[in-house]
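Q:
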Amino acid sequence: MEVIINAINKALKWIADLSVAIFDAAWDMLSDLFCWVLDALLGIAVTAANALDVSQLDTFTSNFGEMPSEIVNIMQLAGLGTAAQIVGAAIGIRLLLQIIPFTRLGS
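Residues in the sequence shown are numbered consecutively from 38, following the numbering used here.
Okay, here's the thing in structure tokens:
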């Protein structure tokens, strides 16, 4: 009788160890899947950022240097550079928020 109980205990322990191993493997697969999806999305974002043509911004900044020094001084005193950075960051954040699924596009 004791031999049968030991055999049943060993079988139940083996089944418990097997279920723990299956859970660990499934957890690793799901975490790897999440990382793979995140890597793919960031790869798409990098490709999109590399596709942007920002060469026209160089001509804009070179034209900024041709302005008279009095106008540039007044613009700096008014904080136009800081305001442009704030507006640019706000537009960038809004564009990034539009990428998130289930948000209303065009809002």
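Where is the CB? At the ideal position from N, CA and C, for every residue including glycine.
Tell me which residues share the same chain as A88 and place their Cβ nearer than 6 Å to its Cβ, disregarding the 5 neighbours each side in the sequence.
A: None.
Q: Tell me whether A48, by its Cβ, gets closer than 8 Å to a heavy atom of the ligand NAD.
A: By its list of ligands, the structure shown contains no ligand whatsoever, and the ligand NAD lies outside what it can speak to.
Q: If you draw a straight line from the alpha carbon of W216 to that of C72, how long is it in whole angstroms?
A: Outside the modelled stretch of the chain, which goes from 38 to 144, sits residue 216, for which no answer is possible.
Q: Do V109 and F97 have their C-beta atoms within less than 9 Å of each other?
A: Result no, Cβ atoms of V109 and F97 do not sit closer than 9 Å.
Q: Work out the CA separation of S99 and L79 for me, nearest whole Å.
A: About 32 Å.
Q: Taking the C-alpha atoms as reference points, what is the distance between Q113 and M104?
A: Straight-line Cα distance between these residues: approximately 13 Å.
Q: State the start and end residues of the unbroken alpha helix (DSSP H) segment that holds D61.
A: From DSSP, the alpha helix (DSSP H) with D61 extends over E39 to A88.
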